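Those protein sequences? They're chains A and B, same order as listed.
Under the working numbering, the first residue of the first sequence carries the number 1, and numbering increases by one thereafter.
Under the working numbering, the first residue of the second sequence carries the number 1, and numbering increases by one thereafter.
Written out below as structure tokens is the structure these notes cover.
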Amino acid sequence: MANWPETTRLIGTRIPRLDGLAKASGKAKYPSDVHPEKMLFGAILYSPHAHAKITSIDTTAAEKLPGVKAIHVVAKAGATLRYQGDFIAAAAATTEEQARDAVRAIKVEYQILPHVVTEEQAMAAGAPAINRGGNVRAGRASVHGLSDQVLAEIEKTVNDLPAAEKDKRRKEEYEKAVNDVLGKADAVVEGTYSLPVITHTCLESHGLTAHWTAADKLTVWASTQGVQVVANELAGAFDLPASNVTVLTDFMGGGFGSKFGADIWGKTAADLAKKTGMPVRLFLDRAQEHLAAGNRPSAAGKIKIGATKDGKVTGLIADTHGTGGFPFPYVYEIPVSTRVHSDVFVNAGGQRAFRAPGHPQACAIMEAAMDDLADKLGVDPLEFRIKNLPTDFHGPLYEAEIAMGAELIGWREKRKPRGQTGTGPIRHGMGMALHQWGGGGAQDKKVSCTIHPDGSVELKSATQDIGTGARTVLAIIAAEILGLNPTDIISNIGNSTFPPGQASGGSTTTPSMSPPCYDAVTKARDELFKKIAAAVNAAPDQLALKDGKLLVKGEPAMSWKDACRKLGMAPVSETGSFVPGLSSVGVGGCQFALVAVDIETGVVKVEKIVAIQDSGLIIDKLTWESQVYGGVIGGLNYGLFEERVMDPTTGVMLNADMEMYRLAGASDIPEIIVRAYEPHEQKARGVIGVGEPPTISTAAAIGNAVSNAIGVRVSQWPMSPRNVLDALALASKEGKA
Amino acid sequence: MTEHDPKGRGAPGGASRREFLRGSGVAAATAVLTGQATAILDEAQAAAQDSGPKILKGEVELTLKVNGHDHACTVEPRSTLLDTLRDRLDITGPKRVCDRASCGACTAIVDGEPVYSCTTLAVSCQGKTIETLESFDTGEHGVPHAFCKDDGLMCGYCTPGFVTACKAFLDKNPNPTLEEVRKGIDGNICRCGTYVGVLQAALDAAKAMKGA
Chain A
1 MANWPETTRL IGTRIPRLDG LAKASGKAKY PSDVHPEKML FGAILYSPHA
51 HAKITSIDTT AAEKLPGVKA IHVVAKAGAT LRYQGDFIAA AAATTEEQAR
101 DAVRAIKVEY QILPHVVTEE QAMAAGAPAI NRGGNVRAGR ASVHGLSDQV
151 LAEIEKTVND LPAAEKDKRR KEEYEKAVND VLGKADAVVE GTYSLPVITH
201 TCLESHGLTA HWTAADKLTV WASTQGVQVV ANELAGAFDL PASNVTVLTD
251 FMGGGFGSKF GADIWGKTAA DLAKKTGMPV RLFLDRAQEH LAAGNRPSAA
301 GKIKIGATKD GKVTGLIADT HGTGGFPFPY VYEIPVSTRV HSDVFVNAGG
351 QRAFRAPGHP QACAIMEAAM DDLADKLGVD PLEFRIKNLP TDFHGPLYEA
401 EIAMGAELIG WREKRKPRGQ TGTGPIRHGM GMALHQWGGG GAQDKKVSCT
451 IHPDGSVELK SATQDIGTGA RTVLAIIAAE ILGLNPTDII SNIGNSTFPP
501 GQASGGSTTT PSMSPPCYDA VTKARDELFK KIAAAVNAAP DQLALKDGKL
551 LVKGEPAMSW KDACRKLGMA PVSETGSFVP GLSSVGVGGC QFALVAVDIE
601 TGVVKVEKIV AIQDSGLIID KLTWESQVYG GVIGGLNYGL FEERVMDPTT
651 GVMLNADMEM YRLAGASDIP EIIVRAYEPH EQKARGVIGV GEPPTISTAA
701 AIGNAVSNAI GVRVSQWPMS PRNVLDALAL ASKEGKA
Chain B
1 MTEHDPKGRG APGGASRREF LRGSGVAAAT AVLTGQATAI LDEAQAAAQD
51 SGPKILKGEV ELTLKVNGHD HACTVEPRST LLDTLRDRLD ITGPKRVCDR
101 ASCGACTAIV DGEPVYSCTT LAVSCQGKTI ETLESFDTGE HGVPHAFCKD
151 DGLMCGYCTP GFVTACKAFL DKNPNPTLEE VRKGIDGNIC RCGTYVGVLQ
201 AALDAAKAMK GA
């Protein structure tokens, strides 16, 4: 058990990242920048069709083109291509232009197969089956809050049925039981809400540069969020001892959950390098990055929810589907609920983890239903939420955060009830949403700390910096303990041969890596004291470090460097492990949005967002804030702009680029107020990650603000002009607006 | 972003972008077509040559002046400035992201104007002054320092483009308002969402550059 120091000199302050200047001056070498001698350039041939079988593939002409050194075919004759962007083959050539010519010259004959690329197509009656077991795979109904007696009766009813009918009947029985509860509610709303597939759009595309340094030794520079994951995959693929593969990632241009593995293109790069005996750089082009390198799955839900007139939710029934799953219900205390979820399969690139997997979808659907219910009850949605907070420690935390956020957005003074927002074409509205995330760390990671006789301090761990500032966080911890500056610390990460480090996902990097870093540096310091104590005529426990100096019995005795010199020739080196007490798990958070909606054009302009976030002890306030701003802006993109647009007829993605796949630019950024919720008891929890939580509730809050502004629910995200105008038109048809 | 001079007036390379595109199309096609097609191409080339502009094909020897140094390289007429910088000259500050002039990560400064180097042909830059962010002042008075101090970067892959766009903008607008900065860097896209830091960095760099 250990604790962070009560008072800190560096931890919690605003410290620029150690590698900030390298990144801002173009000197940082990313995996896609590295250019080993004799390197060849790779290019990929991928499926132009949503669903097809390769009947023949001929590389003869391609191989004869100038500069072409090798072609590697993955999808041979007979292979089925399951989506536009599916990998077929790759070429390596002296120049990139030649490599592109080569893949263009590969002759492929396709047998086009029927496709389904939208959820609607996949679920339609008579749709071609593209997945064994059907295009729609219904999960088993789940239930919460029914008494054991009721459950036992349902099981008895279901028991005698044939297997095929059991699940369906159980779902009906659960719904009947919850409907009994909802029948006694004072208000019930039913709504259908949906969110589209969005793609990660990492700015550095997926890929790596492979270099065989010996027949059985492979070094790759990979754009990855898991150097050791990539190393293990490549070692397996080429049957090498794991120690013969080195994965280097000094920098990487964005991952967001999509860059954990070597992938087929990574293995192909290594194959091409092996075939040619030369290093090969192989990265996806922008279109394939959208098509094949991951996405956040779609989500839709038909929700029925009820509450008593004093604002307590009594029950919820959810029928949800999407190209992936998500947790539901979300955040709130719902006494009785049932849900069934169906996964929908389409001929489009598969989902990958995407910044808070499942949560933004869950949050948007839940918070929309909560808002609609508050509106029907005629109560303030903020007060309504407070009445339904979870009963664990998150409850009071949310209440404190809501109070902070409400104050900063001006909820009580400025918010008007839904639809009562004036008569002109521009309507202002305010909305809010709550979120939750785990974000704890792994307990099996290591950091080594070496203090050299020249005073240099080196940390090593096989984690990597996905953009959160991981390198700097480790240096801050070391500098805090050693009385140095972060710039005095050499923070070496992004190398798979270093002590085991955490993959950068799930907001787990900082909470995984901080405890072993603290442990390693503390041990190295104590070892240093032990080794030099005699030379300064003191006992080890009479030594301390402060402001770059060694203190002996509380008095400055010499500089850090002079103290280290007393080590003689041998550095001290210690490896640190997980220590309980320094990290924790589980955060809340809330966000508020203020929007202006033009009801004639459907254009939504976000004017202000307030984000309140708890995350235990914050190591670097500057990079912490950047992550929260970034999360909010990611959520703003999800709320307003992003969607993968599939063409049902041709089966291709219509916006696999960066002009029609819309992302916010500088002019789209509203005023954003970020506040950490960090009273003493939060700091005492230790370190918790913050990558995911602040991106979860932004789209939900924006959706609620739009509904508040225009008086009707826009049930489909993003809040694009088309979806806003459709909602207004539908309401108008139904005589509601 | 400034469009290149469509007539190529005064540029030692001499030919316009449109003509280069035609020329490179011919070169690419030559690699795969034969017989009858070649005859048509010969005709097209002859016609083009008659009308004045130079047709380039195959490999082209080029000297580019980048960050104050002359760099000799061999390109194809279709090679972009970005791919030439990155692949042939190992100048990797500018990044390839969208590869079609929508995101700004590839921004370089050519004859004082910011351009999307992913859609600028290398052969059109012969004789021009090309600056990439590797040549910028990294001291306290420079734009990179402001980006670092204000954390106007996360993964950092869009950062070279933002820094370059920002520098080119501030060189012409030394006293911008926040709204002017937004417009000035609206040709760039960040995925991590660092705009708050970027905007602050631009304003701080404007102040710092005056002290240089």
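For glycine and all other residues, C-beta sits at the position ideal for the given N, C-alpha and C.
Here the structure is a predicted model, which means the values were calculated and not measured.
Nonlocal neighbours in the same chain, by C-beta distance under 6 Å from residue i, ignoring five residues either side
i, result
"Val245 (chain A)", "Leu218, Ala231, Leu234 and Ala235"
"Val143 (chain A)", "Tyr174 and Thr338"
"Glu289 (chain A)", "Ser205"
"Val198 (chain B)", "Gly152 and Phe162"
"Leu21 (chain B)", "Note on Leu21 (chain B): pLDDT 42, under 50, position unreliable in the model; no value is reported."
"Ala79 (chain A)", "Ile54"
Environment of residue i [buried if 16+ CB atoms lie within 10 Å]
i, result
"Glu742 (chain A)", "Absent from the structure is residue 742 (chain A), since the part of chain A shown begins at 1 and ends at 737."
"Thr649 (chain A)", "exposed"
"Ala102 (chain A)", "buried"
"Ala699 (chain A)", "buried"
"Ser223 (chain A)", "buried"
"Ile112 (chain A)", "exposed"
"Glu6 (chain A)", "exposed"
"Thr120 (chain B)", "buried"
"Arg286 (chain A)", "buried"
"Lys64 (chain A)", "exposed"
"Val636 (chain A)", "Going by the sequence as given, residue 636 (chain A) is Leu instead of Val. The residue in question, Leu636 (chain A), is buried, as its Cβ has 16 or more Cβ neighbours within 10 Å."
"Asn175 (chain B)", "exposed"
"Arg352 (chain A)", "buried"
"His680 (chain A)", "exposed"
"Gln149 (chain A)", "exposed"
Cross-chain neighbours of residue i in chain A, by beta carbon under 7 Å
i, result
"Glu76 (chain B)", "Glu97"
"Cys98 (chain B)", "Arg286, Asp657 and Met658"
"Lys183 (chain B)", "Ser667"
"Glu113 (chain B)", "What Glu113 (chain B) touches in chain A: nothing, since even the nearest Cβ is about 19 Å away."
"Tyr116 (chain B)", "In chain order: nothing, as chain A lies at least about 12 Å away."
"Val163 (chain B)", "Ala24"
"Gly93 (chain B)", "Gly26"
"Ser79 (chain B)", "Glu97"
Per-residue contacts from residue i into chain B (C-beta, under 9 Å)
i, result
"Phe251 (chain A)", "Cys155, Gly156 and Tyr157"
"Asp33 (chain A)", "Arg86, Asp90, Thr92, Gly93 and Lys95"
Chain B contact residues for residue i, given Cβ-Cβ distances below 8 Å
i, result
"Thr201 (chain A)", "Arg191"
"Arg644 (chain A)", "In chain order: nothing, as chain B lies at least about 15 Å away."
Partners in chain A for residue i, counting only beta-carbon separations shorter than 9 Å
i, result
"Leu199 (chain B)", "Ala666 and Ile669"
CA nearest to the CA of residue i, picked from the options
i, options, result
"Phe326 (chain A)", "A:Ala307, A:Arg355, A:Gly311 and A:Trp221", "A:Arg355"
"Ala727 (chain A)", "A:Trp717, A:Arg713 and A:Pro718", "A:Arg713"
"Gln126 (chain B)", "B:Val198, B:His71 and B:Asp171", "B:His71"
"Phe498 (chain A)", "A:Asp250, A:Val34, A:Glu172 and A:Ala705", "A:Asp250"
"Val610 (chain A)", "A:Gly586, A:Thr509 and A:Glu401", "A:Glu401"
"Ala300 (chain A)", "A:Leu291, A:Gly324 and A:Lys309", "A:Gly324"
"Glu367 (chain A)", "A:Ile702, A:Ala664, A:Leu284 and A:Gln420", "A:Ile702"
"Thr421 (chain A)", "A:His72, A:Glu681 and A:Ile599", "A:Ile599"
"Tyr195 (chain B)", "B:Lys210, B:Gly211 and B:Leu178", "B:Leu178"
"Asp380 (chain A)", "A:Met430, A:Gly469 and A:Val606", "A:Met430"
"Phe328 (chain A)", "A:Ala705, A:Met370 and A:Tyr661", "A:Met370"
Cβ-based neighbour list, residue i, same chain, cut-off 8 Å, excluding 5 preceding and 5 following
i, result
"Leu528 (chain A)", "Ile451, Ala563, Cys564, Leu567 and Val572"
"Ala269 (chain A)", "Gly42, Ala90, Gly207, Leu208, Thr209, Ala210, Val220, Val280, Arg281 and Leu282"
"Asn188 (chain B)", "Cys103, Gly104, Ala105, Thr107, Cys158, Gly161, Phe162 and Ala165"
"Ala31 (chain B)", "Residue placement at Ala31 (chain B) cannot be trusted, given a pLDDT of 41 that sits under 50; what the coordinates show is reported in the next sentence. Around Ala31 (chain B): no qualifying Cβ."
Close-in-space but distant-in-sequence residues of the same chain around residue i (CB under 7 Å, 5 per side omitted)
i, result
"Cys517 (chain A)", "Val447, Leu459, Leu474, Ile477, Ala478 and Gly576"
"Cys363 (chain A)", "Tyr330, Ala433, His435, Ile696, Ser697 and Ala700"
"Gly23 (chain B)", "For Gly23 (chain B), the predicted model reports a pLDDT of 42, less than 50, meaning its position is unreliable; a value from the coordinates is still stated below. Excluding residues within five positions, the ones whose Cβ falls inside 7 Å are Ile55, Leu56, Lys57 and Pro77."
"Gln750 (chain A)", "Since the first and last residues shown for chain A are 1 and 737, residue 750 (chain A) lies out of range."
8 Å Cβ cut-off: residues of chain A touching residue i
i, result
"His145 (chain B)", "Leu21 and Ala24"
Subject >> Inter-stretch contact (C-beta, 8 Å, three-pair minimum) for the segment 432-447 of chain A and the segment 574-583 of chain A >> reply: yes
Original post:
Touching or not, the segment 314-332 of chain A and the segment 388-395 of chain A, by the rule of three or more beta carbon pairs under 8 Å?
Top reply: The segment 388-395 of chain A and the segment 314-332 of chain A touch, with three or more beta-carbon pairs separated by less than 8 Å.
Original post:
Pairing CB atoms from the segment 308-316 of chain A with CB atoms from the segment 176-190 of chain A, are three or more of them under 8 Å?
Top reply: yes
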